[in-house]
Ligand SMILES: Cc1ncc(COP(=O)(O)O)c(C=O)c1O
């Protein structure tokens, strides 16, 4: 079957933020008016209310709003006293920010390959990376499902090593019933606009059950103290803006519905692709409720397949085109091609298909028709 030309049918976007915007438009407008009336632009009632609401949603005792997800990871590391001379283990297959936050905290990123089914950090490989300098392991909930934190904990075998969750892509996800941040030292999340819970600019948060750690992170993110001109710790300027808190409060009420719509779309892709042998799907791990930030498949001759989709009017992405050790900024870590074979092979073959809560079944059918055509 040949797909009818693009001119007949319009493009299929990778992401549709306008539909989300329209659903919260009135509430956001009222909230912005409140903030502007009160000139409470940083911190204040909106930020405190969002921290309470998102903390409750994640069943976390403490939620600290910060300026972005990268800072959230760095603030956790610094709050744990991790810095120069320390090592932090993280997956080679992740967004650059996971490694960047470790480097900015002054510690050394130590990479681990991902498993071939879910493309998440492989817990069986963690043991071999541990040294007397290892202070933390970061599991990344890549594509919207939680890393295997129970298995990561078991791999640490009682060592005094913190477990940090990079939950930038997994707001609303659960593993064995436990939400992000529930069974780790602390979780960092990002509200970058394209995330499942996205702001209208940069924003992020830390979740933890550790009151003392939350207090240190709140201070670090605010120049080292919580009162004016109090600087107990060396800090940074990483606060959540009140206008972003307004957007996040409005969108949080829709998050479960939007995640359910993503799950339905993922189920539809799974069904449509079941007979397409040349397209390899990424699996849900047992016990996980996945929130499908991204729907990633692997194909041979990826660039040609992507070009075929583009010509047929479908926008796609790659998450991510190079693992950390083959990224120029981290060449100094000394990694070589072949060090992390699963991540490397995935980076050459993966495509992220359009995925968002407002994707229609018709559009998905067209995406899959084009994929089948390109891989036949
Ligand atoms: C896995 C992962 N970690 C960290 C980040 C960093 O978040 P931010 O862009 O808010 O700094 C992102 C998103 O951008 C991400 O996808």
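In the working numbering, the protein residues as written are 299 to 674.
By construction, the Cβ of each residue, glycine as well, lies at the ideal position given by its N, Cα and C atoms.
{"query": "Beta-carbon proximity of residue 471 to residue 444, cut-off 8 Å", "result": "yes"}
{"query": "Residue 580 - containing beta strand (DSSP E), residue span", "result": "No beta strand (DSSP E) holds residue 580; DSSP gives it neither H nor E."}
{"query": "In DSSP terms, what residue 488 is bridged to", "result": "502"}
{"query": "Local Cβ density within 10 Å of residue 529, reported as buried at 16 or more and exposed below that", "result": "exposed"}
{"query": "Exercise answer, beta-carbon shell around ligand 1 heavy atoms below 6 Å", "result": "366, 367, 368, 392, 393, 395, 396, 438, 464, 466, 467, 488, 490, 500, 502"}
{"query": "C-beta neighbour in chain C for residue 314, strict 8 Å", "result": "Protein chain content of the structure displayed is limited to a single chain, and chain C is not contained in it."}
{"query": "Proximity below 8 Å, CB of residue 595 to CB of residue 649", "result": "yes"}
{"query": "Same chain, Cβ closer than 6 Å to residue 303, five either side skipped, listed in chain order", "result": "Residue placement at residue 303 cannot be trusted, given a pLDDT of 44 that sits under 50; what the coordinates show is reported in the next sentence. So the list is empty, once near-sequence residues are dropped."}
{"query": "Supposed close pair residue 516, residue 345 - CB separation, criterion 8 Å", "result": "The pair is not a contact, with the Cβ atoms about 11 Å apart (cut-off 8 Å)."}
{"query": "Distance, residue 438 Cα to residue 358 Cα", "result": "18 Å"}
{"query": "Beta-carbon spacing of residue 659, residue 607 below 8 Å", "result": "no"}
{"query": "Segment limits, beta strand (DSSP E) that includes residue 434", "result": "432–438"}
{"query": "Reduced DSSP secondary structure (H/G/I, E/B, other) of residue 527", "result": "coil"}
{"query": "Cα-Cα separation between residue 442 and residue 647, rounded to whole angstroms", "result": "19 Å"}
{"query": "Cα-Cα separation between residue 373 and residue 576, rounded to whole angstroms", "result": "43 Å"}
{"query": "With 16 other Cβ atoms within 10 Å as the buried cut-off, status of residue 535", "result": "exposed"}
{"query": "Local Cβ density within 10 Å of residue 337, reported as buried at 16 or more and exposed below that", "result": "exposed"}
{"query": "Alpha-carbon to alpha-carbon, residue 632 and residue 626", "result": "11 Å"}
{"query": "Integer-rounded CB distance, given that residue 370 should sit under 8 Å from residue 483", "result": "Going by Cβ atoms, the distance from residue 483 to residue 370 rounds to 13 Å, so no, they are not a contact pair."}
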